[in-house]
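Residue numbers (our numbering): 90 to 247. We treat Cβ as the ideally placed atom computed from N, Cα and C, and that holds for glycine. To keep things clear, I will list the structure first and then write my remarks on it.
Here is the structure:
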């Protein structure tokens, strides 16, 4: 019996399913990842500190207050007084009380009257904001009923 030699050619696998899987994984991880800076405001230039580190446990309930200066595209201050960037508008420290009280009422309505003692006020203050104004903001928050505070800084690159 005569045997014929069968030539084996190289067959290229279909990569379409592999590409589909890669895109699905990318989409999944982009959606599932916890973006820590979702409430971060790029207008606030946080102070640098060698001891700064991210919190080990993220608070369940938090109120984020971005506190800084309105700046031009070049980075120059447009106003001499720092303001809180709150709900797409600028509010000075001495005028923040009605907004804090409204936040408190909304949180109490959503989570019950005892929630305020569990809310952490996260203050992201620009490095150029005077310490006295940050203290004044904390005092206003305390007057509104908030008792837990956290200040943010970025770690220094060594």
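Pair within 9 Å by beta-carbon distance, residue i and residue j
i, j, result
"residue 197", "residue 185", "no"
"residue 219", "residue 169", "no"
"residue 237", "residue 210", "yes"
"residue 180", "residue 188", "yes"
"residue 154", "residue 194", "no"
"residue 167", "residue 160", "yes"
"residue 215", "residue 164", "no"
"residue 173", "residue 114", "no"
Residue i (DSSP reduced to helix, strand or coil)
i, result
"residue 234", "coil"
"residue 157", "strand"
"residue 208", "strand"
"residue 223", "helix"
"residue 193", "helix"
"residue 149", "coil"
Status (buried if at least 16 other CB within 10 Å, exposed otherwise) for residue i
i, result
"residue 208", "buried"
"residue 217", "exposed"
"residue 101", "exposed"
"residue 96", "exposed"
"residue 120", "exposed"
Rounded straight-line distance, which links the Cα of residue j to that of residue i
i, j, result
"residue 221", "residue 152", "20 Å"
"residue 147", "residue 239", "11 Å"
"residue 93", "residue 103", "29 Å"
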